[in-house]
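A.B. asks:
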Amino acid sequence: MEKILNYIGGELTPPLDGAYLDNVNPATGKVYSQVPDSKAADVKRAVDAAKKAFPAWSALSASERAKYLSKISDLITKNLEPLALAETIDNGKPISVSKSVDIPRSAENFSFFSEMIKEFTSYEFDDRGKGRNTVHHSPVGVVGCISPWNLPLYLFTWKVAPALAAGCTVVAKPSEVTPMTAYLLAKICQEAGLPPGVLNIVHGLGQNVGSAISKDPDIKALSFTGSTVTGKMIAKDAAETMKRLHLEMGGKNANIIFADCDFEKTLETTVRSSFANQGQICLCGSRIFVERPLYEKFRNALVEKVKVLKQGDPTHPETQQGAVVSKIHFEKVMSCIARAKTEGGKILTGGHDVKIGEGYFIAPTLIEELSPYCKTNQEEVFGPVATITPFDSEEDVIEWANSTQYGLAGTIWSNDENKAERVALKIDSGIVWINTWMLRDLRTPFGGMKESGRGREGGKYILEFFSNVKNICKG
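Per the numbering used here, the sequence shown starts with residue 347, numbered consecutively.
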């Protein structure tokens with residue numbers, strides 16, 4: 347059985363105390379590898395390695411750092427097949443998704459920031475009698491990156507790539523539930539010749555590794571993606587060291603469908619936005635609101651589409667719905683479905699587990715007749731579960747959309763562009779799509795409002811997060 351290793355100071359190394367955790371394939375329920383159960387001492391080693399590497403790495407020009415990022419991107423693309431298979435086995439997602447989304451986007455993260463950093467330079471303000479001002483960016487130092495299990499390599503690289511591009515050295519923690527592609531990335535970094543200590547990857551539990559990263563005074567900034575509960579704990583741990591924080595947390599996103607929408611496009615995209623990655627995407631539109639004149643037609647068509655989604659072995663190319671990520675998460679999602687029934691919810695399709703070997707499979711589930719204010723419509727399920735509710739007015743649907751503690755994303759469907767934009771401006775979320783979903787320009791800001799997060803990723807926004815800004819004013 348393969349044992350995953352930490353990546354510290356350019357070397358693949360076991361945890362100091364030799365302790366490991368079992369890593370389970372969610373499609374089979376079987377242990378297939380082991381992941382380090384690292385502790386604070388392992389994090390300290392990684393921080394020391396990052397501190398040692400920082401002076402030389404930060405002194406490189408942007409174009410020199412970009413060459414390393416570009417090479418890593420090329421190697422990810424070269425290894426697409428084994429990386430995609432590893433992601434699918436580790437996470438339970440369909441291999442078609444790993445091949446077409448997760449791994450290509452991971453390569454793009456490195457290639458994008460390898461170019462973006464070349465444009466992220468010092469700049470001057472025009473002299474208007476107030477001196478000549480030059481703004482300089484410099485890397486903030488050693489930074490921490492903590493990423494989730496739902497898009498393991500995709501979101502791991504979304505943090506690591508801009509941090510490295512900005513000239514920081516990194517101590518990163520991938521999810522202990524889905525560690526394999528971060529381990530394979532370490533090998534790619536070795537092949538790319540990335541200098542020792544520039545990127546360090548420490549595997550383990552959040553209460554050990556994540557907490558140590560959050561509290562370490564030598565880590566000057568920390569970017570986290572994960573649950574709101576965990577994000578609040580990280581903010582508390584980080585407070586005493588005054589480190590800079592970026593937090594991208596939960597979502598309970600509204601998918602607002604007006605009667606004048608493009609029916610077929612809206613229907614097809616709603617299936618995807620509700621159940622992609624088994625609903626385990628923070629941007630999924632788990633609350634579907636349909637204008638009443640269209641409600642019955644749309645609901646019936648949606649149910650038929652969801653019923654025929656192909657669920658099964660995630661490694662099979664035709665599978666559309668794989669397994670949820672773990673037994674613990676399976677039990678959590680099933681308990682949420684049971685609660686929805688007690689709240690008066692009517693199961694239109696799904697609502698049960700699916701027996702495929704000993705894996706953690708849940709039928710895609712659509713529920714109606716729930717209050718917009720019930721727990722099912724207020725709390726994040728993060729699984730293949732969506733609710734559908736009719737609405738009568740813009741005012742009602744805007745109020746319902748904004749009624750949760752979250753404010754990450756939203757989607758609006760209408761052929762009336764003025765109406766769609768009017769509603770979009772009133773939705774409390776960091777991104778609103780109109781007549782599309784998950785379309786992303788990597789230059790644009792990404793992040794949430796309310797308890798969905800703090801700060802923004804993407805383009806110059808995340809490069810600024812990983813940078814100190816200094817103004818030099820000459821009279």
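C-beta: ideal position from N, C-alpha, C; glycine also.
One question on the structure: do V743 and T695 come within less than 7 Å of each other, judged by their Cβ atoms?
C.D. replies: Their beta carbons are not under 7 Å apart, which means V743 does not touch T695 by this criterion.
A.B. asks: Would you tell me roughly how many angstroms separate the C-alpha atoms of A387 and T434, rounded to the nearest one?
C.D. replies: C-alpha separation (whole angstroms): 31 Å.
A.B. asks: Which residues in the same chain have their Cβ closer than 6 Å to the Cβ of M526, if we skip the five residues on either side of it in sequence?
C.D. replies: A432 and D436, listed in sequence order.
A.B. asks: K582 and K566 - do their beta-carbons sit closer together than 7 Å?
C.D. replies: No, the Cβ-Cβ distance between K566 and K582 is not below 7 Å.
A.B. asks: Where S407 and C819 are concerned, what is the direct C-alpha to C-alpha distance, given to the nearest angstrom?
C.D. replies: If you take the alpha carbons of S407 and C819, they lie about 24 Å apart.
A.B. asks: Between the segment 716 to 731 and the segment 624 to 644, are three or more C-beta pairs nearer than 8 Å?
C.D. replies: At 8 Å Cβ cutoff, the stretches touch.
A.B. asks: Determine contact between the segment 556 to 576 and the segment 706 to 723, defined as no fewer than three beta-carbon pairs at a distance below 8 Å.
C.D. replies: No, because fewer than three Cβ pairs between the segment 556 to 576 and the segment 706 to 723 fall closer than 8 Å, the two stretches do not touch.
A.B. asks: Rank S717, Y706, D659 and Y414 by C-alpha distance to the C-alpha of A686 and give the top, closest one.
C.D. replies: Ranking the options by Cα distance to A686, first place goes to S717.
A.B. asks: Beta-carbon within less than 7 Å of E664's beta-carbon, same chain only, minus the 5 sequence neighbours each way: which residues are those?
C.D. replies: Closer than 7 Å at Cβ, skipping near neighbours: K656.
A.B. asks: Using 7 Å as the threshold, is the C-beta distance between I813 and A512 below it?
C.D. replies: Residue 813 is actually Ser in this sequence, not Ile. Yes, they are a contact pair.
A.B. asks: Give the straight-line distance between the Cα atoms of P791 and I674, rounded to the nearest whole angstrom.
C.D. replies: Distance between the alpha carbons of P791 and I674 is about 33 Å.
A.B. asks: Assuming C491 is part of the beta strand (DSSP E), what are its boundary residues?
C.D. replies: Run containing C491: V488 to I492, per the beta strand (DSSP E) assignment.
A.B. asks: Looking at the strands, I want to know which residues DSSP matches up with P382.
C.D. replies: According to DSSP, P382 bridges with Y366.
A.B. asks: Nearest CA to the CA of I580: which residue from S557, M784 and I602?
C.D. replies: Nearest of S557, M784 and I602 to I580, Cα basis: S557.
A.B. asks: Please name the residue in K349, A392 and E357 whose C-alpha comes closest to that of V377.
C.D. replies: Ranking K349, A392 and E357 by Cα distance to V377 puts K349 first.
A.B. asks: Any contact of the segment 418 to 427 with the segment 446 to 464, i.e. 3+ C-beta pairs under 8 Å?
C.D. replies: With a cut-off of 8 Å, the segment 446 to 464 and the segment 418 to 427 count as touching, because enough Cβ pairs lie within range.
A.B. asks: Given the structure, does V488 come close to the ligand ADP, in the sense that its CB is under 6 Å from one of the ligand's heavy atoms?
C.D. replies: Among the components of this structure there are no ligands whatsoever, and the ligand ADP is therefore not found.
A.B. asks: CA-CA distance, S785 and I777?
C.D. replies: The residue you asked about is not Ser; residue 785 is Leu in the sequence shown. Near 11 Å, if we compare the C-alpha coordinates of I777 and L785.
A.B. asks: Could you tell me the alpha carbon to alpha carbon distance between T612 and N599, rounded to whole angstroms?
C.D. replies: Cα to Cα, the separation comes out at about 16 Å.
A.B. asks: Quick check on the DSSP output: the alpha helix (DSSP H) that includes Y529 runs from which residue to which?
C.D. replies: Residues M526 to A538.
A.B. asks: To the nearest whole angstrom, what separates the beta carbons of A538 and I418, a pair I think is in contact under 8 Å?
C.D. replies: The Cβ separation is near 5 Å, so the contact holds.
A.B. asks: Name the DSSP beta bridge partners of Q667, please?
C.D. replies: Q667 is bridged to Q657.
A.B. asks: To the nearest angstrom, how far is the alpha carbon of P494 from that of P401?
C.D. replies: One C-alpha to the other measures close to 29 Å.
A.B. asks: Could you spell out the range, first to last residue, of the alpha helix (DSSP H) harbouring Y706?
C.D. replies: No alpha helix (DSSP H) holds Y706; DSSP gives it neither H nor E.
A.B. asks: Which of the three DSSP states, helix, strand or coil, is assigned to H873?
C.D. replies: Nothing about residue 873 can be reported from this structure: the residues present for the chain run from 347 to 821 only.
A.B. asks: Quick check: the Cα distance between G794 and L591, rounded to an integer number of angstroms?
C.D. replies: Approximately 14 Å, taken between the alpha carbons.
A.B. asks: Tell me K820's beta-bridge partners as DSSP assigns them.
C.D. replies: Beta-bridge pairing links K820 to R478.
A.B. asks: In three-state DSSP terms, what is F792?
C.D. replies: Looking at F792 - three-state DSSP - the assignment turns out to be strand.
A.B. asks: For a test of the three-state rule: what should DSSP assign to T722, helix, strand or coil?
C.D. replies: It is helical.
A.B. asks: Under the three-state reduction of DSSP, which class applies to S760: helix, strand or coil?
C.D. replies: The answer is coil: DSSP assigns S760 none of H, G, I, E or B.
A.B. asks: Hey, which unbroken runs of the alpha helix (DSSP H) at 4 residues or more fall wholly within the segment 591 to 619?
C.D. replies: Runs found: none.
A.B. asks: Based on DSSP bridge pairs, tell me the residues matched to D699.
C.D. replies: Answer by DSSP bridge pairing, in chain order: I708.
A.B. asks: Who are the near neighbours of V481 in its chain, counting only those whose CB is closer than 7 Å to its CB and skipping five residues on each side?
C.D. replies: Once the five neighbours on either side are set aside, the close Cβ partners of V481 are S468, Y469, V815 and N817.
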